[in-house]
Every structure is written in structure tokens, then in C-alpha cells.
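Enquirer: Residue numbers (the numbering used here), protein chains in the order written: chain R, 171 to 304; chain F, 171 to 304. Just so you know, even glycine gets a beta-carbon here, dropped at the ideal spot from N, CA and C. As the structure is a prediction and not an experimental result, all values here were calculated from the model.
There are 2 protein chains.
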Amino acid sequence: MKTKDKQASEKMLKTAGLQVTAQRVHLCDFIFNQSDHPTAEEVWSWAQKNIDQMSRATVYNTLNSLVDAGLLKTLRMPHSDKLVFDFNVSEHFHFIDEKTGRIEDLDPKDLSWSLKLPKGWKKSSMEVFIKGRK
Amino acid sequence: MKTKDKQASEKMLKTAGLQVTAQRVHLCDFIFNQSDHPTAEEVWSWAQKNIDQMSRATVYNTLNSLVDAGLLKTLRMPHSDKLVFDFNVSEHFHFIDEKTGRIEDLDPKDLSWSLKLPKGWKKSSMEVFIKGRK
DNA sequence: ACAGAACTTTAGACTTAGTCTAAAGTTTGA
DNA sequence: TCAAACTTTAGACTAAGTCTAAAGTTCTGT
Chain R
171 MKTKDKQASE KMLKTAGLQV TAQRVHLCDF IFNQSDHPTA EEVWSWAQKN
221 IDQMSRATVY NTLNSLVDAG LLKTLRMPHS DKLVFDFNVS EHFHFIDEKT
271 GRIEDLDPKD LSWSLKLPKG WKKSSMEVFI KGRK
Chain F
171 MKTKDKQASE KMLKTAGLQV TAQRVHLCDF IFNQSDHPTA EEVWSWAQKN
221 IDQMSRATVY NTLNSLVDAG LLKTLRMPHS DKLVFDFNVS EHFHFIDEKT
271 GRIEDLDPKD LSWSLKLPKG WKKSSMEVFI KGRK
């Protein structure tokens, strides 16, 4: 791991109020610098190959801590039973390539919408998945 | 099961090109007349209580056959790891009540939207989940 | 109506993704 | 520096769903 990436991960963890541990720093480096919408199992399988000591529970604990700290969001895709993690935590939508299953971010500016909910219902968040081909 | 419901289920199965069996007729009656966005496990637990002979595999087989035949759609909700079945197969969107987890259909007329995809990308379908409170 | 083919159902083993446990190790802060 | 708080670990466990192959049911052609 590059020194600057290591330092960036450490800083991010600290800023988020999380303890800095070797395992978390390694995982953050992968999640934020080397992966794209990874599933938990992808993170775990990377960790098994690339980190000497790392248990499955630590992977899941770390992912959950990062979500709780607001550094990651979880997505559940209509086409798969796996939980997906997204380090883009600002509002945006997702495109799923039907051929490859690959997930791409869509700029929220590219979807304009207006919603009329029944009286008294209040929207707090919104998920949009576009399926299609490239 | 009411005679007219039984006949309706039989007709629906036939029309869809599926063999009519006692198990499928029972399950269809529940799915189409007595449930609302059920999960597979809800269907299975209903079946255990209400049908003498019914294996878990039959519940899943039947649900999958109904999906293949276009009579049901599957949904994967962002907030749950369970597959949900929807007998409303026409275009519509979903509202999830944050308090209860309950899923409500939204009339597609109540969400107007326009999407600008990158050159060459083609949308084939779209899922929208609104989370909020009532 | 009958035989054989095709399809469906069954119990229970299996798989996959993820959680839990409790003991050992690490980090923090007075 | 020491204790409290937090984190990691291996592996058992759980939940949701799939698979298997044998037995049962329905369909098709005559």
C-alpha cells in the first residue's frame, strides 16, 4: 500500500471517529482506492489473498462500521442477492448493465423527476435503478 | 377456497401455459387473492399452515414458474434481504414505509421523470423505491 | 381409455451470505 | 502504565434459497 493511501485511510477513519487498526486501514485502501461497488464477499476474498491475518467477521464488522459512520452506503440490487457497498454517499442513481451486471453511477442531474405522493406521505429517500445495455 | 377463486386460478395457470396442479392452485389463491407483496417465506409459512402436503421446494418452484410465465415480478428491497413477489406486473413504483416496512404501490402517473443516459446506453427497465413515512 | 413421455412434487441435504460468540489481542486515555 | 474500552479471531450458527433423485401426477397420441 502506498504511504499516501495509508495516511489517507488513517485520517478518514479518525475523522469519522473510528479507531485506526491495521485491518481497517488495509480494507479502506481496497474499498476506497481499488474497488468499485464491491460486494462484501469481494472485499473478503480480496482480503484473504492480500492480508495475512483477516477473519471474515472483521470484514463484515469493518464494512458495517464504515456504513454506520456514513463513509459507505449499502445497496441491494434487484438482480442479485448480494449486498453492495458504495463509497459514493452523495445522492446519485444506478445503472445496471444487463450483459455484465456491472453497476455504474448516474449523475443525479441526469434524472429529473417530480413525485406526487398521497396526502400525508413523506419521502425521506429514493433509490433508482435503471437496467439496460451499453 | 371459494369455487370461483379456484376456477380463476386454474384458468390463469392454463392461460399462462402452466400445468394445473392442486398445489399451484392453492398457492395462486393465496398469492393473488390473499397476500400483498409477500416474501417467499411468507408464502411458505402460509402453505405449511393451510395445505396438508406442500414442500418448501414446491413453493419456490411455483413462485419461479409464475415469474417465468410473467404472472409475478420479483423485487429486491433496499432495506431487506428477502425476495418479494409482486402480482402487479404492469409498470409502477414502490413506496416503503420506514416505520412498518410495508410496501405500497405507487401509480406510475404520479412520478414523472426524464432521463439523460450517456451516448449509446439504452434503458430497458427501471425500478424506483421511495422510502418515507405516512 | 391406456401407455409412455413429460412434467411436478417431495423430503431433506446442501449452499451461500452473513451474524454471533466468547476468548485473545490492541488501542486509548487518565 | 494500567485498566477500560474497543477490535479481532476462528469457527459455530442462521436464514433464505437451491438441488437431488425418487415417487407421483398430468398430458398426448392413438
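1) Roughly how many angstroms lie between the CA atoms of Phe255/F and Asn231/F, to the nearest whole one?
2) Going by DSSP, what residue range makes up the beta strand (DSSP E) through Val298/F?
3) Quick check: is the beta carbon of Val195/F nearer than 9 Å to any beta carbon in chain R?
4) According to the neighbour-count rule (16 or more other Cβ atoms, all chains shown, within 10 Å of its Cβ), is Val259/R buried or exposed?
5) Leaving out five residues on either side along the sequence, give the residues of the same chain with a beta carbon under 8 Å from the beta carbon of Asp199/F.
6) Identify the continuous alpha helix (DSSP H) that holds His196/R and give its terminal residues.
7) What does Ile266/F pair with, by DSSP beta-bridge criteria?
8) Which residues in chain R sit within 9 Å of Phe299/F, going by Cβ to Cβ distance?
9) Based on DSSP bridge pairs, tell me the residues matched to Ser284/R.
10) Should the stretch 219-233 of chain R be regarded as contacting the stretch 179-198 of chain R, the criterion being three or more beta carbon pairs within less than 8 Å?
11) Can you pull the chain F residues whose beta carbon is under 7 Å from the beta carbon of Ser284/R, in chain order?
12) Ignoring anything shorter than 3 residues, give me the beta strand (DSSP E) runs that lie fully in the stretch 201-246 of chain F, in order along the chain.
13) If you compare alpha carbons, which of Pro288/F, Lys243/F and Ser284/F is closest to Ala210/F?
14) Answer with yes or no whether the minimum CB distance from Lys219/R to chain F is below 9 Å.
15) Can you have a look at Arg246/R and say buried or exposed, based on whether 16 or more other CB atoms are within 10 angstroms of its CB?
16) What distance in whole Å lies between the Cβ atoms of Trp291/F and Phe265/R, which are believed to be in contact at a cut-off of 8 Å?
17) Between the stretch 252-272 of chain F and chain R, which residues of the former have CB atoms less than 8 Å from a CB of the latter, in chain order?
18) Looking at chain R, is there any beta carbon in it that lies within less than 9 Å of the beta carbon of Glu235/F?
19) Tell me where the alpha helix (DSSP H) around Leu183/R begins and ends.
20) Under a CB-based cut-off of 9 Å, is Gly302/R close to chain F?
21) Give me the residue from Leu236/F, Phe257/F and Leu188/F with the minimum Cα distance to Pro208/F.
22) For a contact defined as C-beta to C-beta under 9 Å, what are the partners of Arg246/R on chain F?
23) If contacts are defined as beta-carbon pairs under 8 Å, then Leu281/R and Phe263/R qualify, I think. What distance do you get, rounded to the angstrom?
24) I need the straight-line Cα distance from Gln204/R to Met296/F, nearest angstrom please.
Expert: Per the coordinate set shown:
1) If I take the Cα positions, the gap works out to 13 Å.
2) Looking at the DSSP string, the run of the beta strand (DSSP E) that includes Val298/F is Lys292 to Arg303.
3) False, the Cβ-Cβ gap to chain R never drops below 9 Å.
4) With fewer than 16 Cβ atoms within 10 Å of its Cβ, Val259/R is classed as exposed.
5) Correct list, in chain order: Met171, Asp175, Lys176 and Ser179.
6) That run of the alpha helix (DSSP H) goes Ala192 to Cys198.
7) Paired residue(s): Ile273/F and Lys301/F.
8) Close partners of Phe299/F in chain R (Cβ separation under 9 Å): Ser295, Met296, Glu297, Val298 and Phe299.
9) According to DSSP, Ser284/R shares a beta bridge with Ser282/F.
10) Yes, the stretch 219-233 of chain R is in contact with the stretch 179-198 of chain R.
11) Under a criterion of Cβ atoms nearer than 7 Å, the residues of chain F adjacent to Ser284/R are, in order, Ser282.
12) Fully enclosed beta strand (DSSP E) runs of no fewer than 3 residues occupy 243-246 of the stretch 201-246 of chain F, in order along the chain.
13) When only C-alpha atoms are compared, the closest one is Lys243/F.
14) Interface flag for Lys219/R against chain F is unset, since no Cβ pair is found closer than 9 Å.
15) By the C-beta density criterion, Arg246/R is buried, having at least 16 other C-beta atoms within 10 angstroms.
16) That belief holds up - the Cβ atoms of Phe265/R and Trp291/F are roughly 7 Å apart, short of 8 Å.
17) Correct list: Leu253, Phe265 and Glu268.
18) Before going further, note that residue 235/F is Ser rather than Glu in the sequence given. Not closer than 9 Å to any Cβ of chain R, the Cβ of Ser235/F fails to qualify, so no.
19) Start and end: Thr173 to Thr185.
20) Yes, contact with chain F.
21) Of the candidates Leu236/F, Phe257/F and Leu188/F, the one whose C-alpha sits nearest the C-alpha of Pro208/F is Phe257/F.
22) Result: Arg246, Met247, Pro248, His249, Ser250 and Asp251.
23) Contact flag correct, Cβ pair sits at about 6 Å.
24) Their Cα atoms are separated by approximately 29 Å.
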